[in-house]
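This report refers to the structure that appears directly beneath it.
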Amino acid sequence: MPVTATHPVRSRSSLGPVLTASILVLVMTGTPWRQCALAADGRDFSALYSVVPVAVSEDEVRFALSLQLSNHRGEAVSGVSIRVVACGPDRREVGLSAPTELPQQGSAPVSVEMVLTGSEYEVWQAGCEPTFEVSYTDTEGQERRTPIEAAQGPVPAGE
Numbered sequence: 000m001p002v003t004a005t006h007p008v009r010s011r012s013s014l015g016p017v018l019t020a021s022i023l024v025l026v027m028t029g030t031p032w033r034q035c036a037l038a039a040d041g042r043d044f045s046a047l048y049s050v051v052p053v054a055v056s057e058d059e060v061r062f063a064l065s066l067q068l069s070n071h072r073g074e075a076v077s078g079v080s081i082r083v084v085a086c087g088p089d090r091r092e093v094g095l096s097a098p099t100e101l102p103q104q105g106s107a108p109v110s111v112e113m114v115l116t117g118s119e120y121e122v123w124q125a126g127c128e129p130t131f132e133v134s135y136t137d138t139e140g141q142e143r144r145t146p147i148e149a150a151q152g153p154v155p156a157g158e
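If you want it as structure tokens, here you go:
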């Protein structure tokens, strides 16, 4: 996104705070940085993800989704699954990962295969992004489901 200046030229001595604030805004709105900052704001989970189209036909699009899921909780969690919900009016589940373990303050790779209809794919191409939810079993044995902050970005190689 291009940045344009709308303020008058300032002296060198007054540029420091403006430049620092501008860099902070750019860093915090950068996708991976935003995801990490939101996780630090009390989120239990966050993820970086990448999507690769596997097969495209007239009726549907199949994707492979790779995530690096991070646990920001103070405890390990078991039975962690990622649920991908399509954006748009029907909000249907388009992908569910196999359960995995997630260490305390750690991360783990998660893979999800999903299928979109041709019309859902067009909506996604126009900028509508999916919602990610994590379901897990807490230390009391209760099944929990919560939205996670997810950002498209580089997933570590081999994950």
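Per numbering that gives the first Met the number 0, the sequence shown runs over residues 0 to 158. Note that beta-carbon positions come from the ideal geometry of N, C-alpha and C, so glycine has one too.
Is the beta carbon of residue i sitting closer than 8 angstroms to the one on residue j?
| i | j | result |
| --- | --- | --- |
| residue 114 | residue 99 | no |
| residue 91 | residue 97 | no |
| residue 76 | residue 83 | no |
| residue 134 | residue 142 | yes |
| residue 49 | residue 151 | yes |
Note the first and the last residue of the continuous beta strand (DSSP E) segment covering residue i.
| i | result |
| --- | --- |
| residue 45 | 44–55 |
| residue 63 | 59–70 |
| residue 132 | 130–136 |
| residue 100 | 99–101 |
Looking at the unbroken alpha helix (DSSP H) that takes in residue i, where does it start and where does it end?
| i | result |
| --- | --- |
| residue 118 | 117–124 |
Per DSSP, residue i forms a beta bridge with which residues?
| i | result |
| --- | --- |
| residue 147 | Beta-bridge pairing links residue 147 to no other residue. |
| residue 84 | 92, 130 |
| residue 108 | 67 |
| residue 142 | 136 |
| residue 114 | 61 |
| residue 76 | 101 |
So residue i packs on residue j, CB below 8 angstroms; how close in whole Å?
| i | j | result |
| --- | --- | --- |
| residue 80 | residue 46 | Not quite, the Cβ-Cβ distance comes to about 13 angstroms (not below 8 angstroms), so this is no contact. |
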